[in-house]
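For reference, the structure is listed below as structure tokens.
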Amino acid sequence: MTTFALLLTHSPFASQAFQSCLRFAKAAVQANHQVEHIFLYQDAVLAASAAIDLPSDEPNAAALLADFCQQQRIPLLFCSTAAEKRGVSLQPPQLGAGYELAGLAEHAMRLSQCDKLVQF
Amino acid sequence: MTTFALLLTHSPFASQAFQSCLRFAKAAVQANHQVEHIFLYQDAVLAASAAIDLPSDEPNAAALLADFCQQQRIPLLFCSTAAEKRGVSLQPPQLGAGYELAGLAEHAMRLSQCDKLVQF
Amino acid sequence: MSQATLIWLQSSPYNSSAAREALDYTLALAAVDSPVQLLLSGPAVCLLQAPADIGALQLKDCSKLLGLFELYELPAPLVCQHSLALYLPEPRQLSYPCTLLSKVQMTEQLAFFRQIITF
Amino acid sequence: MSQATLIWLQSSPYNSSAAREALDYTLALAAVDSPVQLLLSGPAVCLLQAPADIGALQLKDCSKLLGLFELYELPAPLVCQHSLALYLPEPRQLSYPCTLLSKVQMTEQLAFFRQIITF
Amino acid sequence: MTLAPMKLVHWIYPELPAQSLLAQLAPQDLLLLRQDGCYSLALPWPELPCRLRVLATDLTARGLNAKAPWQTIDDSDWVELAAQASQVVLWPH
Amino acid sequence: MTLAPMKLVHWIYPELPAQSLLAQLAPQDLLLLRQDGCYSLALPWPELPCRLRVLATDLTARGLNAKAPWQTIDDSDWVELAAQASQVVLWPH
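Residue numbers (this note's numbering), protein chains in the order written: chain Y, 25 to 144; chain F, 25 to 144; chain X, 407 to 525; chain R, 407 to 525; chain P, 1096 to 1188; chain L, 1096 to 1188.
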């Protein structure tokens, strides 16, 4: 069994990064690996906004990832500094369900318990 | 005299686009040209969030542009669809001072009154 | 010189924001009767071939917006022939009409527009 | 094989988010005693020459964070020699110590790290 | 399990990677195209010393087909490769 | 005022533009480097038929100097060029 940390750095609105991360996490869990945590940094923190309001026919990658993490009890952390800078509110109700505020320090400490970091 | 429309499409956090747009607008006003409006589209709409919270030593390009536009009564419009999609709230108090909600249609209609569109 | 605006999309259709927002922008200009035309180059040419199964990726297929061009009386998109040969060397039937341009023709056509907006 | 993480920054220092956030990330790993080293290539090498007047652009000068590396007991950044020659052909005094790498040395060094994070 | 010194390299852009990146590939490595990297299958890749793979889901969703010497893998293969690799890297644009 | 058919082309990235873009420049055009485009001054540009300019504020803030055949302009020159140009374009990456 491998313990993975997953790192998202790209905006959920300009790439397929969140969708790919979700597929990797699902396949990892299915193969009995552990996803110790997922960390959102740089533009990826935009996913933590509860105000994301997509046309009904557009899948919401941020919400799909959060749902999966809640089911599997995988901590879905986002960097508070990167989020503040980008105007993402850190408090409910502006904070998206399933997203947890964290510092770079927490991510760095958790990494020491992981075998592999995969960046998306 | 030339009537300019200015179009911002890049994130205020990943480029110098807002700073350049502000300098262009200042020089245009000084030379007695008109800046008919500024339109924020794509990732540029992130500037309209009131929650942007930068370290005190980092200049806030979004606020500097809004201040100038308010002084000069230049409409500073942002695309509502692009903003909703990216989790930018459309209502005060989450909406940054000086930013006005608009549709692509308003931008398109205003363009017909402008001589030149400059993209940043 | 034409008074038309050229919307020049170079991003992949799977970078859904850029492609979708370029198409929305084009349609918005058309809706107020402002002359406008779309140019596809680079990976953006893949818009012309509707994706096989974009739903599997949890992404939105925005190529369908090209189907509205006729309704809005928009000219068929200009398409860089070189990019098409590169990215779709064996295209299935292209899903939408388009005007292919050689590199020389692209240079000529680009000079023809009053303004160019790049996505 | 080393257990160290390589933070590989390629973006210009004036794309302030990427440069600043790569440096913050590096310092965060160092703060929990996780072995880490920075690699600069492409326009990122311009970080080594403190900007003349970044204030005129209303941007933040994040190159000063390189000054914290010694305090955090971080090794000097690795720097692509080719990029340095390209982007700073006549450098004024470089503001920070660094280790220059030829292309061959870069390949060797990159293989040495347990993980690589790109910015 | 012994770890072979295998780099798993991800490429996600619809262009060819820079020559300086390609030079880093060794025979034991694996280059994986995914997301828009699948479009680069159509481009003129130089001869590379390593294993060449494409992520099947990303490829077929785009209506593309694999072509030799590239082989497809599925999501569970991808995870196993990441678990076995000595180094996992996402190449920058 | 008669408008000459002059394109004002902006380049803002620290690399050279694609050859297909450069091919579009005609003698009456003006290519302006600004933002990170100033870094490309150091790169090996091919010979171009048009006027070559760099925005002074963006250049000097980066601690760089202009070099022939590139000439600096200030923000007010920039605005006048945009006002006079028959076409203004921001070249994509």
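Ideal Cβ positions, reconstructed from N, Cα and C, are used throughout, including at glycine.
Please read all numbers here as calculations on a predicted model, not as lab measurements.
Alpha-carbon to alpha-carbon, residue j and residue i
{"i": "E108/Y", "j": "G127/Y", "result": "12 Å"}
{"i": "V1134/L", "j": "F28/F", "result": "Correcting the residue identity first, residue 1134/L is Tyr in this sequence and not Val. When rounded, the distance between both Cα atoms is 28 Å."}
{"i": "P495/X", "j": "A72/Y", "result": "40 Å"}
{"i": "D467/X", "j": "Q95/Y", "result": "28 Å"}
{"i": "S136/Y", "j": "Q409/R", "result": "10 Å"}
{"i": "V53/Y", "j": "I62/Y", "result": "13 Å"}
{"i": "R475/X", "j": "Q1166/P", "result": "For clarity, residue 475/X is Phe in the given sequence; the question names Arg instead. Cα to Cα, the separation comes out at about 38 Å."}
{"i": "Q66/F", "j": "A106/F", "result": "6 Å"}
{"i": "E427/X", "j": "L453/X", "result": "13 Å"}
{"i": "R134/Y", "j": "G1132/L", "result": "39 Å"}
{"i": "D1170/P", "j": "A51/Y", "result": "6 Å"}
{"i": "V451/X", "j": "L1125/P", "result": "29 Å"}
{"i": "L1127/L", "j": "A41/F", "result": "15 Å"}
{"i": "I523/R", "j": "L1185/P", "result": "7 Å"}
{"i": "V1183/L", "j": "A38/Y", "result": "26 Å"}
{"i": "L463/R", "j": "L46/F", "result": "10 Å"}
{"i": "P1164/L", "j": "P1112/L", "result": "17 Å"}
{"i": "V112/F", "j": "H34/F", "result": "15 Å"}
{"i": "L484/X", "j": "T411/X", "result": "13 Å"}
{"i": "S418/R", "j": "L477/X", "result": "44 Å"}
{"i": "L445/X", "j": "H1105/P", "result": "30 Å"}
{"i": "M1096/P", "j": "D139/Y", "result": "Low per-residue confidence applies at M1096/P: pLDDT is 46, beneath 50, and the placement is therefore not dependable, though the value from the model is reported in the following sentence. If you take the alpha carbons of M1096/P and D139/Y, they lie about 13 Å apart."}
{"i": "S489/R", "j": "L1138/L", "result": "10 Å"}
{"i": "M407/X", "j": "G448/X", "result": "The pLDDT assigned to M407/X is 39, lower than 50, so where the model puts this residue is not dependable; a value taken from the coordinates is nonetheless given after this. So the two alpha carbons sit approximately 26 Å from each other."}
{"i": "G1158/P", "j": "R97/Y", "result": "35 Å"}
{"i": "Y420/R", "j": "Q455/R", "result": "12 Å"}
{"i": "G473/R", "j": "L429/R", "result": "11 Å"}
{"i": "P79/F", "j": "A85/F", "result": "13 Å"}
{"i": "F92/Y", "j": "A49/Y", "result": "9 Å"}
{"i": "T1155/L", "j": "G461/R", "result": "11 Å"}
{"i": "N56/Y", "j": "Q416/X", "result": "41 Å"}
{"i": "P610/R", "j": "H131/Y", "result": "Past the edges of chain R, shown from 407 to 525, lies residue 610/R, and the structure says nothing about it."}
Within-8 Å CB hit, residue i to chain A
{"i": "R1157/L", "result": "Considering every chain present, this structure includes no chain A. Its protein chains are Y, F, X, R, P and L."}
Residue nearest to residue i in terms of C-alpha spacing, selected from the options
{"i": "V142/Y", "options": "L31/Y, L135/Y and M25/Y", "result": "L31/Y"}
{"i": "I413/X", "options": "N421/X, Y420/X and Q443/X", "result": "Q443/X"}
{"i": "E1142/L", "options": "L1150/L, A1118/L and D1153/L", "result": "A1118/L"}
{"i": "Q499/X", "options": "A458/X, L484/X, P481/X and A517/X", "result": "A458/X"}
{"i": "A129/F", "options": "L445/X, D439/X, F525/X and S418/X", "result": "D439/X"}
{"i": "S1181/L", "options": "L465/X, L472/X, A517/X and Y478/X", "result": "A517/X"}
{"i": "C1145/P", "options": "N1160/P, P1122/P, E1175/P and H1105/P", "result": "P1122/P"}
{"i": "S1115/L", "options": "L465/X, E479/X and E514/X", "result": "E514/X"}
{"i": "L64/F", "options": "E124/F, K140/F and D139/F", "result": "E124/F"}
{"i": "T432/X", "options": "G448/X, S447/X, L471/X and L465/X", "result": "L471/X"}
{"i": "A159/F", "options": "P83/F, L100/F and E82/F", "result": "A question about residue 159/F goes unanswered here, because the residues of chain F that appear run from 25 up to 144."}
{"i": "L1176/L", "options": "P1139/L, L1136/L, K1162/L and L1147/L", "result": "L1147/L"}
{"i": "I1168/P", "options": "A1151/P, L1120/P, A1156/P and Y1108/P", "result": "A1151/P"}
{"i": "A436/R", "options": "A425/R, E479/R and A424/R", "result": "E479/R"}
{"i": "Y502/X", "options": "S469/X, A434/X, A424/X and S423/X", "result": "S469/X"}
Neighbour list for residue i in chain P, Cβ cutoff strictly below 7 Å
{"i": "S44/Y", "result": "R1129 and Q1130"}
{"i": "L459/X", "result": "Checking the displayed sequence, the identity of residue 459/X turns out to be Asp instead of Leu. Those are T1155 and A1156, listed as they occur along chain P."}
{"i": "A462/X", "result": "T1152 and A1156"}
Chain-ordered neighbours of residue i on chain X, where CB pairs are closer than 8 Å
{"i": "P1187/L", "result": "W414, Q416, T524 and F525"}
{"i": "P1164/P", "result": "Those do not exist, as P1164/P stays about 17 Å from chain X at its closest Cβ, beyond 8 Å."}
Contact test: residue i Cβ vs the ligand FMN heavy atom, cutoff 7 Å
{"i": "A437/X", "result": "In the structure shown, the ligand FMN is absent, as is every other ligand, since no ligand is present at all."}
Chain X contact residues for residue i, given Cβ-Cβ distances below 7 Å
{"i": "L128/F", "result": "D430, Y431 and A434"}
{"i": "S1115/L", "result": "K509"}
Residue i: contacting residues in chain F (beta-carbon distance under 8 Å)
{"i": "V1189/L", "result": "The question about residue 1189/L has no answer here: the residues shown for chain L are numbered 1096 through 1188."}
{"i": "V112/Y", "result": "S73, A75 and G111"}
Listed by chain order, chain Y residues near residue i by CB distance under 8 Å
{"i": "A424/X", "result": "A38"}
{"i": "Q137/F", "result": "Those within 8 Å of Q137/F in chain Y number zero; the least Cβ separation is about 30 Å."}
Amino acids of chain Y, ordered along the chain, whose beta-carbon sits closer than 7 Å to that of residue i
{"i": "V1104/P", "result": "Result: empty, since nearest Cβ-Cβ is about 12 Å, beyond 7 Å."}
Proximal chain Y residues relative to residue i, where beta-carbon distance stays under 9 Å
{"i": "Q9/F", "result": "No statement about residue 9/F is possible, as the shown extent of chain F runs from 25 to 144 and does not include it."}
Proximal residues of chain F, C-beta to C-beta of residue i below 9 Å
{"i": "E514/X", "result": "By Cβ distance, chain F contributes nothing, its closest Cβ being about 22 Å from E514/X, past 9 Å."}
Listed in chain order, which residues of the segment 434-457 of chain X have Cβ atoms closer than 7 Å to some Cβ of chain P?
-> P449, C452, Q455 and P457
Is the segment 1099-1111 of chain P close to the segment 501-510 of chain R, with three or more CB pairs under 8 Å?
-> no
Would you say the segment 74-91 of chain Y touches the segment 110-128 of chain F, given that touching needs at least three Cβ pairs under 8 Å?
-> yes
Listed from N- to C-terminal order along the chain, which residues in the segment 63-82 of chain F have their beta-carbon within a distance smaller than 9 Å of any beta-carbon of chain Y?
-> Q66, D67, L70, A71, A72, S73, A74, A75, I76, D77, L78, P79 and E82
Pull out every residue of the segment 1133-1148 of chain L whose Cβ sits closer than 7 Å to any Cβ of chain R, in chain order.
-> Y1134, A1137 and L1138
Taking a cut of 7 Å between CB atoms, which residues from the segment 95-108 of chain F lie near chain Y?
-> E108
Residues in the segment 488-507 of chain X with C-beta within 7 Å of chain L's C-beta atoms, listed in sequence order?
-> none
Just by C-beta distance, which residues in the segment 471-489 of chain X are closer than 8 Å to chain P?
-> none
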